[in-house]
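Asker:
2 protein chains.
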Amino acid sequence: MEEPGLFPIRKLAIVGLGLIGGSLAIDLRRLGLASKILGYDSNPQHCRKALDLQLVDSCSTMPDDLLLEADWLVLAVPVQSIEHVLDQFRPFLKPDVLITDTGSVKAPLLKIMLRPENSGFAFVGGHPIAGGERFGPEAAVSSLFEGKRFVLTPDQQTRRETLGAVRRLWTEIGSEVIEMDGDLHDRIFASVSHLPHLLAYATIQAIADSDSPEALEHSGAGLKGFSRIASSSPEMWADIFLQNQQPLLQRVDAFSSCISEIREAIVTNDRERLIELLAQAKAAKDRWVH
Amino acid sequence: MEEPGLFPIRKLAIVGLGLIGGSLAIDLRRLGLASKILGYDSNPQHCRKALDLQLVDSCSTMPDDLLLEADWLVLAVPVQSIEHVLDQFRPFLKPDVLITDTGSVKAPLLKIMLRPENSGFAFVGGHPIAGGERFGPEAAVSSLFEGKRFVLTPDQQTRRETLGAVRRLWTEIGSEVIEMDGDLHDRIFASVSHLPHLLAYATIQAIADSDSPEALEHSGAGLKGFSRIASSSPEMWADIFLQNQQPLLQRVDAFSSCISEIREAIVTNDRERLIELLAQAKAAKDRWVH
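Sequence order for the protein chains is A and B.
If you want the working numbering, it's the 1-based position in the first sequence plus 3.
If you want the working numbering, it's the 1-based position in the second sequence plus 3.
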């Protein structure tokens, strides 16, 4: 088997040329980390755009024979699609291809990769903590991942050299690479990412549903910052919510309990209790979120 | 009676030298809109700081005889305190003083101003749509209100010249002044300001309460934008929530319904419905919030 940690990577395939896949392609080329980048995206318009923007050297809507020479396969498709993409692409892959991904939910994919048909691949899951509410290949930018965290989720199946190679790739790109258990990853990101997205959508809907939907015109900086993420892709976030169903529902319910406590303090005019609840939250925010 | 619209204002008193009162003082002086600015703040440290920063020409923790010469009184104290402050300051005010305020909730104050002991004053309520999570006199900055909306809430009692004078003041400061019924104001800001603040606090608490409170360390740009306002003053927001109790509770309950709908779609794995709900919210967001 060829050394998977060899840089520059001779041929690297990216499936999914959205914000993440496209921005990765830009950096790989800019930093000389891959000599040739093969692009795949089931959306023909994405494919055309990615070629126009010279994000990739080739682009196809379907797996093809070029894949036979790919040393790396990076799955940057919506989490819901990874299983289908793997089934489609598997027949075209060489057995020692290194597979990694950029999905926002890890446990379901880790389970899929344990299946006999996938367990032979050199694989490690990954998740760049970067993004934004814009999407599609035209949203791709240089240095999106610089200074951002990248979470690797190795398990017992992960080979040391696979882990090392993917770690090196994202380190070269400028990310701060950390490792985390896949289940813990999903619980943490249910909290800090999936829950806020869900709430941003619900907040906007609750205001739009009101008797004064024009209220949104009066939003100040607070709501703007708060609701920016409600412009994110509904399809992508629906898939993330469904893939991370249980951890997310736990956080939604914990959140509903917090709302109930605050609501109760407002209903009973309990100023002291209300201040206590808000001050606790402020303390946690000031301690952790910078 | 002296012309209340006379600029520069000879002597203007500001009660409450926090972010709003302090920033107003800076702009009044910078733009030459008031010849003398009398400061009042029940917190001696705020008073000292406001004098150190030369925000005001004098500062006292209590109403004093200087007030007898004040042509304008701007109440920039927490909404809950306005009634108490008015009772304290009333004996020191000349009968034709112009009173206005900067509070985030209007209906309760409008009711207070209709009482016999207050109804003689030239008064109009106001609310600058500006602020931030920092507070206290040291948070005061120049041009905080420039390009921001300022909502005036005149009622049947409001004299035309009072309305004109306060409108002119905030226009000179650079705000876009609009007029709105007080009750409508409170419903709208329950939606676009008070609800998001309440949710930001509850979100942080729900994450901090989880089995992985360190999750907050992993927050990306989404949660940062979403939760910035959870650093705001707990006392100030508790008071706003309590003052705007009914409109806010209505929005909280509408929000809880939206959460339930999304939750149901996740529980039943109804991808189509979930996408529909998120897409509706995204459309409202993209239409209204820029």
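Just so it is clear, CB atoms sit at the ideal spot from N, CA and C, and this is done for glycine as well.
Could you list which residues in chain A have their beta carbon closer than 8 angstroms to that of Trp-173 (chain B), in chain order?
Answerer: Those within 8 angstroms of Trp-173 (chain B) in chain A number zero; the least Cβ separation is about 15 angstroms.
Asker: Assuming Val-255 (chain B) is part of the alpha helix (DSSP H), what are its boundary residues?
Answerer: Per DSSP, Val-255 (chain B) belongs to the alpha helix (DSSP H) from 248-270.
Asker: At what residue ranges does the region 172-205 of chain A contain a whole run of the beta strand (DSSP E), taking only runs of 3 or more?
Answerer: Listed in chain order, they are 179-182.
Asker: Where are the alpha helix (DSSP H) runs, 4 residues long or more, that stay fully inside the region 72-136 of chain B, in chain order?
Answerer: Taking only runs of at least 4 residues, the alpha helix (DSSP H) segments lying wholly in the region 72-136 of chain B are 85-92, 110-116.
Asker: For the putative contact between Asn-247 (chain A) and Val-108 (chain A), defined by C-beta atoms under 8 angstroms, what is the C-beta separation to the nearest angstrom?
Answerer: At roughly 4 angstroms, the Cβ-Cβ gap stays under 8 angstroms, so Asn-247 (chain A) and Val-108 (chain A) are in contact.
Asker: Note down, in chain order, each residue of its chain lying with its Cβ closer than 6 angstroms to the Cβ of Leu-35 (chain B), except the 5 sequence neighbours on either side.
Answerer: Correcting the residue type first, residue 35 (chain B) is Gly in the shown sequence and not Leu. The residues are Pro-11.
Asker: Counting Cβ pairs, one atom from each stretch, are 3 or more of them under 8 angstroms apart for the region 39-51 of chain B and the region 59-66 of chain B?
Answerer: Enough Cβ pairs lie closer than 8 angstroms, so yes.
Asker: Does the Cβ of Ile-181 (chain A) have 16 or more other Cβ atoms within 10 Å, making it buried, or fewer, making it exposed?
Answerer: Exposed is the call here.
Asker: Is Ala-79 (chain A) closer than 9 angstroms to Ile-23 (chain A) when the C-beta atoms are compared?
Answerer: Contact flag set, yes.
Asker: Using the three-state DSSP reduction, which class does Ser-26 (chain A) fall into: helix, strand or coil?
Answerer: Helix.
Asker: The beta strand (DSSP E) spanning Ala-16 (chain A) covers which residue range?
Answerer: Start and end: 12-18.
Asker: Would Glu-220 (chain A) pass as an interface residue toward chain B - the criterion being a Cβ-Cβ separation below 9 angstroms?
Answerer: Interface residue, yes.
Asker: Secondary structure at Arg-51 (chain A), three-state DSSP: helix, strand or coil?
Answerer: It is helical.
Asker: Measure the alpha-carbon distance for Asp-289 (chain B) versus Leu-202 (chain B) and round it to whole angstroms.
Answerer: For Asp-289 (chain B) and Leu-202 (chain B), the distance between alpha carbons rounds to 21 angstroms.
Asker: Could you name the residues of chain A that Leu-278 (chain B) contacts, counting a contact when the two beta carbons are closer than 7 angstroms?
Answerer: Residue 278 (chain B) is actually Ile in this sequence, not Leu. In chain order: Pro-237, Glu-238, Ala-241.
Asker: Measure from the alpha carbon of Asp-68 (chain B) to the alpha carbon of each residue in B:Asp-74, B:Leu-96, B:Ile-85, then state which is nearest.
Answerer: Per the Cα distances, B:Leu-96.
Asker: When the Cα of Leu-281 (chain B) is compared with those of A:Ile-232, A:Asp-158, A:Gly-177, A:Leu-226, which residue comes out closest?
Answerer: The candidate whose alpha carbon is nearest that of Leu-281 (chain B) is A:Ile-232.
Asker: Does Ile-276 (chain A) come out as helix, strand or coil in the three-state DSSP assignment?
Answerer: Here residue 276 (chain A) is Arg; the residue named in the question, Ile, does not match the sequence. Arg-276 (chain A): helix per DSSP, three-state reduction.
Asker: Taking 9 angstroms as the CB-CB limit, is Asn-272 (chain B) close to chain A?
Answerer: Yes, its Cβ sits closer than 9 angstroms to a Cβ of chain A.
Asker: Name the chain B residues whose beta carbon is nearer than 8 angstroms to that of His-200 (chain A)?
Answerer: Under the 8 angstroms cutoff, chain B gives Gly-225.
Asker: Are the CB atoms of Arg-190 (chain A) and Ala-218 (chain B) nearer to each other than 9 angstroms?
Answerer: Yes; because the gap between Cβ atoms is below 9 angstroms, this pair is in contact.
Asker: Considering just the uninterrupted stretch of the beta strand (DSSP E) at Lys-39 (chain A), what are its terminal residues?
Answerer: Unbroken beta strand (DSSP E) run through Lys-39 (chain A): 37-43.
Asker: Below 9 angstroms between beta carbons: does that hold for Ile-176 (chain B) and Leu-27 (chain B)?
Answerer: Yes; because the gap between Cβ atoms is below 9 angstroms, this pair is in contact.
Asker: For Ala-209 (chain B) and Ser-222 (chain A), I'd like the C-alpha separation in whole angstroms.
Answerer: Computed Cα separation, rounded: 25 angstroms.
Asker: Can you check the region 131-167 of chain B for any beta strand (DSSP E) of at least 3 residues that lies completely inside it and give the ranges in chain order?
Answerer: Listed in chain order, the complete beta strand (DSSP E) runs (minimum 3 residues) inside the region 131-167 of chain B are 152-156.
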